[in-house]
Amino acid sequence: MIWAIYCTDVPESRPLRDEHRLAHRAYLKLYAERIFFSGPLWDDACYDQIGSLFLIDLNGRPEAEAFLAEEPYTVNGVFASIRVTPMTKGHFSAGLSGDKRERPAAV
Numbered sequence: 001m002i003w004a005i006y007c008t009d010v011p012e013s014r015p016l017r018d019e020h021r022l023a024h025r026a027y028l029k030l031y032a033e034r035i036f037f038s039g040p041l042w043d044d045a046c047y048d049q050i051g052s053l054f055l056i057d058l059n060g061r062p063e064a065e066a067f068l069a070e071e072p073y074t075v076n077g078v079f080a081s082i083r084v085t086p087m088t089k090g091h092f093s094a095g096l097s098g099d100k101r102e103r104p105a106a107v
């Protein structure tokens with residue numbers, strides 16, 4: 001089952017996020033084969049990251065909670081709130097994914 005995990009950051013979290021980014025990326029590599037999609041959420045100006053979105057194949061809510069319990073941004077207080085919900089794949093357009101970019105072009 002795919003789980004949608006929508007996380008919003010604490011205000012002014014850029015320094016905290018930056019401090020734990022390498023650990024966050026290393027942790028996600030452990031789940032690379034199970035991540036359908038993941039990425040940062042941005043403010044409307046595409047200037048600051050305001051959260052993270054994970055679409056990940058996990059075996060139930062307990063496994064989703066275990067994933068989050070060890071996730072470095074969770075452990076280190078980057079996330080102010082987290083919403084976890086099961087989902088199924090509907091429409092998917094691989095062509096919209098584009099190249100991986102660290103930061104979108106500012107609006």
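Mapping of the sequence shown onto UniProt numbering: position 97 corresponds to residue 97, and the numbering continues sequentially without gaps. Think of the CB as a built atom: it goes at the ideal place given N, C-alpha and C, for glycine as much as any other residue.
Contacting residues, own chain, Cβ-Cβ under 6 angstroms from residue 24 (five flanking each side not counted) | 72, 73
Whose C-beta lies closer than 8 angstroms to the C-beta of residue 48 among residues of the same chain, with five residues either side of it excluded?
-> 14, 42
So, do the segment 74-84 and the segment 30-38 have three or more beta carbon pairs nearer to each other than 8 angstroms?
-> no
In angstroms, rounded to a whole number, what distance separates the CA positions of residue 11 and residue 95?
-> 33 angstroms
Neighbourhood of residue 1 by C-beta, 6 angstroms cutoff - its chain only, sequence neighbours within 5 removed = 86
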